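Trainee: Chains as they are written, first to last, in the working numbering: chain F, 224 to 445; chain C, 43 to 263; chain W, 9 to 255.
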Amino acid sequence: MAYQWDFSVVSRNWDALLAGLGNTLLLSTASIATGAVVGMVLAGMRLSGRRLLAWPAVGVIEFFRNTPALVQLFWIFYALPVLIGVSLSSFVAAWIAFSIQSGAFFAEVYRGGIGSIERGQWEAGRAVGMGRVTLMHRIIFPQALRRMIPPMIERSFEVVKTTALAATVAYADLLYEAMSTISKSYRPLEVYSAVAAIYFVVLFGASLAAQSFERVLKRRGA
Amino acid sequence: MSYTFDFSDVFSNIDLLLVGVRYTVLLWIVAFAFGMAVGLPLGLARGSSRRLLHLPATAYVEVFRNTPMLVQLLWFYYAFPTLTGWQVPTFVAASAGLCLNTSAYCAETFRAGLQATGRGQYEAGRALGMPETTLLRRIILPQAVSRMLPAFTNRAIELGKMTAIASVVTLPELMYEARIMTSNTYRPLEVFTVVALIYFVTIYPVTLLSYWLEARQRRSA
Amino acid sequence: MGVVVRAEKLHKTFGTLEVLKGVDLDVQEGERIAILGKSGSGKSTFLRCLNFMEMPSSGRVYFDGAPVGTSQAELCRLRINVGMVFQSLNLFPHMTAMGNVMEALVSVKGMTKAQARAIASEQLGRVDMLSKSESYPINLSGGQQQRVAIARALAMEPRVLLLDEPTSSLDPELVGEVLKVINALAARKMTMVLVTHELGFAYHFASRVIFLHDGRILEQGTPDQVLKNPAEKRTQEFLTGFNEFSF
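1. Strictly by DSSP, which residues pair up with G91(W)?
2. For T53(W), verify whether its CB is less than 7 angstroms away from any heavy atom of the ligand SAM.
3. Can you tell me where the alpha helix (DSSP H) with Q185(C) in it begins and where it stops?
4. Along chain C, in chain order, which residues have C-beta atoms closer than 7 angstroms to that of P101(W)?
5. Does the distance from the C-beta atom of F133(C) to that of L82(C) stay below 8 angstroms?
6. Determine, using beta-carbon pairs with one atom in the segment 163 to 181 of chain W and one in the segment 80 to 92 of chain W, whether at least three such pairs fall under 8 angstroms.
7. Report all residues from its chain with a CB closer than 8 angstroms to the CB of L69(C); omit the five preceding and five following residues, and keep chain order.
8. Could you confirm whether any beta carbon from chain F is found closer than 8 angstroms to the beta carbon of I181(C)?
9. Please determine if the segment 420 to 438 of chain F and the segment 262 to 275 of chain F are in contact, where contact requires at least 3 C-beta pairs separated by less than 8 angstroms.
10. Does DSSP put H19(W) in a helix, in a strand, or in coil?
11. Taking the alpha helix (DSSP H) that E245(W) belongs to, which residues open and close that run?
12. I'd like to know if the segment 249 to 260 of chain F and the segment 162 to 174 of chain C are in contact, where contact means that at least 3 CB-CB pairs between them fall below 8 angstroms.
13. Please look up how many angstroms separate the CB atoms of A99(C) and A149(C), rounded, as I've assumed it's under 8 angstroms.
14. Report yes or no: do three or more beta-carbon pairs, one from the segment 36 to 43 of chain W and one from the segment 209 to 218 of chain W, lie closer than 8 angstroms?
15. Thinking C-beta only, is A159(W) closer than 8 angstroms to L113(W)?
16. Confirm, please, whether the CB-CB distance from V12(W) to V31(W) is below 8 angstroms.
17. Which class does D232(W) belong to by DSSP, given the choice of helix, strand or coil?
18. With C-beta atoms as the reference, is H205(W) less than 8 angstroms away from E173(W)?
19. Can you check which of these residues, G267(F), P411(F) and W237(F), is closest to W228(F) by C-alpha distance?
20. Span of the alpha helix (DSSP H) holding F152(C)?
21. Out of S115(W), A126(W), L247(W) and S177(W), which one is the CA nearest neighbour of G171(C)?
22. Grab the span of the beta strand (DSSP E) containing M200(W) for me, first residue to last.
23. Smallest Cα separation from F436(F): which of G348(F), E346(F), E377(F) and M353(F)?
24. If you check the beta carbons only, do A419(F) and W128(C) fall under 8 angstroms apart?
25. Between A158(C), G202(C), G77(C) and I199(C), which has its C-alpha nearest V187(C)'s C-alpha?
26. So the candidates are P230(C), N108(C) and N196(C); which of them puts its Cα closest to the Cα of E381(F)?
27. When the Cα of A79(C) is compared with those of L191(C), T144(C), V210(C) and R92(C), which residue comes out closest?
28. Comparing alpha-carbon positions, which option in S430(F), Q434(F), A433(F) and A401(F) lies nearest A121(C)?
29. Could you please give me the residues that DSSP links to F71(W) through a beta bridge?
30. Could you pull out every unbroken alpha helix (DSSP H) segment of at least 4 residues lying fully inside the segment 108 to 171 of chain W, listed in chain order?
31. Cβ closer than 9 angstroms: which chain F residues qualify as neighbours of M223(C)?
32. Can you check whether the C-beta of S408(F) is within less than 8 angstroms of a C-beta belonging to chain C?
33. I'd like to know if M200(W) contacts chain C, where contact means its C-beta is closer than 8 angstroms to some C-beta of that chain.
34. Under a CB-based cut-off of 8 angstroms, is M63(W) close to chain C?
35. If you reduce the DSSP assignment to three classes, tell me which class A257(C) lands in.
36. Please confirm whether M164(W) has its beta-carbon closer than 8 angstroms to some beta-carbon of chain C.
Here's what the structure looks like:
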C-alpha cells in the first residue's frame with residue numbers, strides 16, 4: 224500500500240493542538256484536585272461508622288465505579304440542566320462528572336490505605352489517650368498516605384485518559400481539536416497518530432517521573 | 043424544582059435499548075475473550091529475557107496503556123482503513139480496538155502472575171522432561187490463574203464500561219441507542235437515567251464477583 | 009559397565025563470578041557418587057549443569073556417549089533419562105501425591121491414565137506413601153513430600169538420579185525417612201549423584217566421594233580415602249570438627 228504520509232497537516236495546526244493539550248491538562252488537573260477532595264469526603268462518610276452517612280457514600284461510590292464515564296458525562300451535560308434549569312458549559316459538565324467519578328475511585332484508595340494500617344497502631348494511639356480525630360490525623364493518616372500515593376498516581380493517569388471523552392460534548396481538548404482539524408483536512412491517519420503520540424509522551428513521561436518519585440519514597444523507608 | 047418526570051417515551055421504546063444491551067454484552071464478551079487470548083503470548087514475551095521479544099511487547103503494552111481508549115478507537119475506525127484500504131465493519135473496528143487495549147492490560151497481569159510462580163515449579167517441570175508449552179499449560183498456568191483472577195475481573199469491569207465508547211463510532215450498542223432516543227424524544231434526563239441504571243445492573247454483578255474473589259484471596263493468604 | 013553421563017570441562021559463570029572452573033566427571037552405570045564441599049564451592053551448580061537446570065557457560069555433557077545439544081527436544085530427552093530431586097522439594101501444589109507422580113507419565117511419556125496410575129501406585133508404594141496418595145502437598149510433612157518427589161522422579165525410569173541436598177530443607181526428625189528411601193535405591197543398584205552436607209550418610213552411601221573446592225574437583229576416591237585419609241589440606245580442613253564417630 225503506497226499511502227502518501229503528509230504530516231504537514233499536523234505542523235500547520237500545531238498551535239490549535241497545543242491549545243487543546245492545554246485544555247486537556249486544565250480539565251485533568253481540575254478534576255483530579257476536586258476528585259481528591261470529593262474522595263476524602265466520601266471516604267470519611269463511609270468510614271464514619273454511621274449508617275446515615277455511610278450508605279449514601281457507598282451508593283455514590285459504587286454507582287460511579289460501575290457505570291461508564293461517558294454515560295455520567297452525558298447525564299450531567301444533557302440531563303442535569305433539565306433538572307436544575309441551568310445549562311452547563313462543556314467544561315463545567317466534564318469537570319463535575321470526572322470529579323465525582325475520580326472521587327469515587329479515590330475514596331476507595333483512601334479506604335484501602337487506612338484499612339491497611341495494622342490494628343496495633345490504633346490501639347497504641349488509644350492507649351495514650353488520643354481521640355479519634357487526633358489519632359487519625361497524627362498516627363493513621365501519615366502512615367496511610369505513603370501507601371496511597373502509588374494508586375493515587377495511577378488513578379490520576381486514568382483521569383487524564385478519561386478527559387478525552389469531553390471531546391464528545393465539544394469541549395476544546397486535544398482530541399476535539401484533532402477532530403476539527405480532521406474535518407478540515409481529511410487526514411485522520413496523520414492527525415490521530417500525532418494525537419496518540421502526544422498523549423503517549425505526556426502520560427508515559429509522567430509515569431516515568433512517578434516511578435522515580437516512588438523509588439525515592441521507598442528509599443526513605445515508606 | 044418543578045420538573046415532572048415522564049418515562050413513558052423511554053419505556054415504550056425499551057426494546058431499542060434492549061437491542062443495544064445485546065450489542066454491548068456481545069462487544070464485551072468478544073473483546074474480553076480475544077483480549078485474554080492475545081494477552082497471554084504478549085505477557086510471555088514481556089517476561090522473556092530475549093530482547094527481540096521483550097522490547098516490542100513492552101512498546102505495545104505501554105502505547106495502549108498510555109493513550110486514551112477513545113483515541114485508539116478513532117484511530118482504528120478512521121485511520122486504519124486509510125492505511126490498509128480495508129474498510130472494516132464498525133463492530134470489527136470497535137471490538138478490535140477494545141480487544142487490543144484489554145490485551146495490553148491482561149499481558150501485564152499474565153506476566154506478574156507467571157513471575158510470581160516460584161522458580162522451583164519451572165525447574166520441577168523441566169527436570170521431568172516437560173517441553174515449555176506443557177510446563178506452562180499443566181504446571182504454571184493452573185497455579186497462577188487463581189492468583190490472577192481478581193485482576194482479570196477488574197479488567198472485565200473496566201472493559202464493560204469502555205464499551206460505551208463504541209457509540210462514538212456509531213456502533214448501535216446501548217449508549218448509541220440512548221443518544222438516538224434522546225434526539226428523538228428530547229427526554230435526556232429520563233433516557234440517560236434509565237441507561238445508567240441498565241449499565242449499573244449489567245456491570246455490578248461482576249464487581250460483586252471481584253469483591254468475593256478478593257476476600258477469598260485474602261483469607262487464603 | 010559403561011559411562012552413563014559424562015561432564016567435560018564444565019564452566020559456569022554468573023555475571024563476573026566464576027562458579028565452575030572446568031569440572032570433568034564420568035558417572036558409571038551403578039555408581040553412587042557423593043559430591044561434598046563447602047557452600048559456594050559450586051557443588052549444586054555442577055549437579056544442576058548435568059541436566060541443564062543451569063546452562064553451562066562452556067563444556068559438554070554426554071549421555072550414553074553422545075553429546076547433548078541445547079535444543080528443547082534434546083534437553084527434554086536428556087531430562088527424562090536423568091531425574092532430579094530438589095532441595096526445595098518442588099511438588100506441584102495443585103496436584104495430589106498421585107497426580108504429581110502421574111503427571112509427566114501422561115503429559116511427557118504419553119501414557120494412558122490407567123498405565124500412569126499403575127506405575128505411580130507402584131512407585132508411591134516403594135517410598136511408603138501409597139496411603140497418602142490422594143493428599144495434596146500442603147497436607148504432607150516435608151519428609152513425606154520429598155518421598156513423593158523421589159517417587160515422581162523414579163516413575164520416569166531415569167538411568168541416573170541427581171539428588172540436590174535432598175534433606176537439607178527438612179526438620180531433623182524427618183531426615184531419616186528420606187535417607188532410608190535413598191538407601192533402598194542404593195540397594196537396587198540405582199545410579200545416583202548426590203550433593204549433601206550429611207557426611208555420615210555420604211560415607212555409607214557412596215561408592216565414590218568427590219570433594220569440590222572453588223569450582224574444581226580437588227580430590228576424589230573411595231569414602232575411606234577421601235573422608236578418613238584425605239590427601240589435600242583443604243579437604244582435611246573441611247573435615248576438621250567433623251566427629252569421626254558419626255561415620
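All C-beta atoms in this analysis are idealised placements derived from N, C-alpha and C, irrespective of residue type, glycine included. Here the structure is a predicted model, which is why all the values come from computation and not from measurement.
Mentor: Reading it off the structure:
1. Within the third sequence, the letter at position 83 stands for residue 91(W). Answer by DSSP bridge pairing, in chain order: L169(W).
2. In terms of ligand content, the structure shown is empty, and the ligand SAM therefore cannot be addressed.
3. Indexing the second sequence from 1 puts residue 185(C) at position 143. Note, Q185(C): alpha helix (DSSP H), L183 to M204.
4. By one-based count along the third sequence, residue 101(W) stands at place 93. Q185, listed in chain order.
5. Looking up residue 133(C) in the second sequence gives position 91. Looking up residue 82(C) in the second sequence gives position 40. Not in contact: F133(C) and L82(C) (Cβ atoms no closer than 8 angstroms).
6. yes
7. One-based indexing of the second sequence puts residue 69(C) at position 27. These residues qualify, in order along the chain: F133, A136, S137, L140, T205, A208, L213 and E215.
8. As a working note, residue 181(C) is residue 139 in the second sequence. Chain F, which has no Cβ nearer than 8 angstroms to the Cβ of I181(C), makes this no.
9. no
10. If you number the third sequence from 1, residue 19(W) lands on position 11. Of the three classes helix, strand and coil, the one that applies to H19(W) here is strand, per DSSP.
11. The count along the third sequence starts at 1 and reaches residue 245(W) at position 237. Looking at the DSSP string, the run of the alpha helix (DSSP H) that includes E245(W) is K241 to L247.
12. no
13. The sequence position of residue 99(C) within the second sequence is 57, counting from 1. The sequence position of residue 149(C) within the second sequence is 107, counting from 1. Right, their Cβ atoms sit about 7 angstroms apart.
14. yes
15. Looking up residue 113(W) in the third sequence gives position 105. Looking up residue 159(W) in the third sequence gives position 151. It is not a contact, given that the beta carbons lie outside the stated cut-off.
16. For this step, residue 31(W) is matched to residue 23 along the third sequence. For this step, residue 12(W) is matched to residue 4 along the third sequence. It is not a contact, given that the beta carbons lie outside the stated cut-off.
17. Residue 232(W) sits at position 224 when you count from the first residue of the third sequence. Correct three-state label for D232(W): helix.
18. As a position in the third sequence, residue 205(W) is number 197, starting the count at 1. As a position in the third sequence, residue 173(W) is number 165, starting the count at 1. Yes, Cβ-Cβ distance for H205(W) and E173(W) is below 8 angstroms.
19. In the first sequence, residue 228(F) corresponds to position 5, counting from 1. Comparing Cα-Cα distances from W228(F) to each of G267(F), P411(F) and W237(F), the minimum goes to P411(F).
20. Within the second sequence, the letter at position 110 stands for residue 152(C). Segment T132 to A158, the alpha helix (DSSP H) holding F152(C).
21. Walking along the second sequence from the start, residue 171(C) turns up at place 129. That would be S115(W), whose Cα lies nearest to the Cα of G171(C).
22. Indexing the third sequence from 1 puts residue 200(W) at position 192. Taken as a continuous stretch (DSSP letters only), the beta strand (DSSP E) holding M200(W) covers T199 to V203.
23. For the purposes of this step, residue 436(F) is taken as residue 213 along the first sequence, with counting starting at 1. Checked all of G348(F), E346(F), E377(F) and M353(F); the closest Cα to F436(F) is E377(F).
24. Residue mapping note: residue 419(F) aligns to position 196 of the first sequence, counting from 1. Residue mapping note: residue 128(C) aligns to position 86 of the second sequence, counting from 1. Not a contact, by the Cβ cut-off of 8 angstroms.
25. For the purposes of this step, residue 187(C) is identified with residue 145 of the second sequence, where counting begins at 1. Nearest of A158(C), G202(C), G77(C) and I199(C) to V187(C), Cα basis: A158(C).
26. Looking up residue 381(F) in the first sequence gives position 158. For the residues P230(C), N108(C) and N196(C), the minimum Cα distance to E381(F) belongs to N108(C).
27. As a first step, residue 79(C) is located in the second sequence; it is residue number 37 there, counting from the start. That would be T144(C), whose Cα lies nearest to the Cα of A79(C).
28. Taking the first residue of the second sequence as position 1, residue 121(C) is located at position 79. The option with the nearest alpha carbon to A121(C) is A401(F).
29. In the third sequence, residue 71(W) corresponds to position 63, counting from 1. Beta-bridge pairing links F71(W) to V13(W) and A74(W).
30. 121 to 134 and 150 to 163
31. As a first step, residue 223(C) is located in the second sequence; it is residue number 181 there, counting from the start. Correct list: empty, because the minimum Cβ distance to chain F is about 12 angstroms.
32. Walking along the first sequence from the start, residue 408(F) turns up at place 185. No - not a single Cβ of chain C is within 8 angstroms of the one on S408(F).
33. Position 192 of the third sequence, counted from the first residue, corresponds to residue 200(W). No - not a single Cβ of chain C is within 8 angstroms of the one on M200(W).
34. Taking the first residue of the third sequence as 1, we reach residue 63(W) at position 55. No, its Cβ sits nowhere closer than 8 angstroms to a Cβ of chain C.
35. Within the second sequence, numbered from 1, the residue matching residue 257(C) stands at position 215. Reduced to three states, the DSSP call for A257(C) is helix.
36. For the purposes of this step, residue 164(W) is taken as the residue at position 156 of the third sequence. Closer than 8 angstroms: yes.
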